[in-house]
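Q: I'd like to ask you about the structure that follows.
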Amino acid sequence: MAQKPKVDPHVGRLGYLQALVTEFQETESEDAKEQVLANLANFAYDPSNYQYLRQLQVLDLFLDSLSEENETLVEFAIGLCNLCSDKANKEHILQTGGVPLIINCLSSPNEETVLSAVTTIMYLSSPGSGSHPELTAMPVVQCMLRFSLSANTRLRNLAQIFLEDFCSPSQVAEARSWRAHSALGIPLPKTEAPQQP
């Protein structure tokens with residue numbers, strides 16, 4: 197009796213991901229783009245998909261979508277955060293100019309986008325990623341200081357961790373010395389303004 201040929205279960209996944217990428221690139225519908233990007237962001241949670249996502253250039257698709265005016269697309273695109281734990285993905289983001297796009301997300305009016313952007317910056321700043329001073333540049337540190345005063349507990353805690361674990365005491369002191377904590381180019385989202393005493 198002949199044996200059944202072995203079928204790689206991941207071939208189906210690669211085909212499905214390719215279909216999603218093609219749909220995203222070809223559709224004119226904003227709703228369809230949002231749904232597709234949400235699906236791709238869900239696949240970014242599983243490390244077994246990283247190879248396929250790199251092969252299909254989904255990291256670049258996410259990075260390109262970070263500069264969209266549609267805040268929902270940006271929110272799903274910052275799903276890039278879930279890919280940063282992988283060294284190859286992290287290197288790709290750092291080497292292809294992704295950092296300024298991610299830093300720009302700190303000024304998003306969407307709370308989830310801001311939280312994911314802070315987390316992404318932390319992942320990219322983690323040991324083993326080499327020196328990338330733009331991740332802890334003064335405007336970023338000033339922004340994190342402002343976020344550390346936020347009424348939003350999650351944002352406040354993430355910002356405090358960033359300041360303690362990824363910035364030197366001198367960077368934090370210099371950022372504090374700026375009178376109004378104004379991070380040029382990175383305004384505090386209106387929904388995240390610190391509460392007045």
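According to this note's numbering, numbering within the sequence shown proceeds without interruption in unit steps and concludes at 393. The beta carbon of each residue, even a glycine, is placed where N, CA and C say it ideally should be.
(1) Grab the span of the alpha helix (DSSP H) containing G294 for me, first residue to last.
(2) If you run the structure through DSSP and keep just helix, strand and coil, what is P305?
(3) If you follow the alpha helix (DSSP H) that C339 is part of, which residue opens it and which one closes it?
(4) Which residues in the same chain as A389 place their Cβ atom closer than 7 Å to its Cβ, once the five residues preceding and following it in sequence are excluded?
(5) Per DSSP, what kind of secondary structure is N278 in: helix, strand or coil?
(6) Counting along the chain, where does the alpha helix (DSSP H) carrying Q251 start and finish?
(7) Rounding to the nearest angstrom, what Cα-Cα distance links A215 and F258 in this structure?
(8) Taking A369 as the reference, which of L354, Q338 and F343 has the closest Cα?
(9) From what residue to what residue does the alpha helix (DSSP H) around T162 run?
(10) Indicate the three-state DSSP secondary structure (helix, strand or coil) for P323 in the structure shown.
(11) In angstroms with no decimal places, state the Cα-to-Cα distance between R372 and I317.
(12) Buried or exposed: M334, going by 16 or more other Cβ atoms within 10 Å of its Cβ?
(13) Could you tell me how far apart the beta carbons of Q163 and T332 are, in whole angstroms, since I believe they sit closer than 8 Å?
(14) Would you tell me roughly how many angstroms separate the C-alpha atoms of E287 and L269, rounded to the nearest one?
A: If we stick to the structure as given:
(1) G294 to N300
(2) coil
(3) M334 to F343
(4) In this prediction, A389 has a pLDDT of 43, which is less than 50 and means its spatial position is unreliable; what the coordinates show is noted afterwards. Cβ within range, chain order: n/a, list empty.
(5) helix
(6) Y246 to Q251
(7) 16 Å
(8) Q338
(9) Here the chain has residues from 197 to 393 only, and residue 162 is not among them.
(10) coil
(11) 20 Å
(12) exposed
(13) Here the chain has residues from 197 to 393 only, and residue 163 is not among them.
(14) 23 Å
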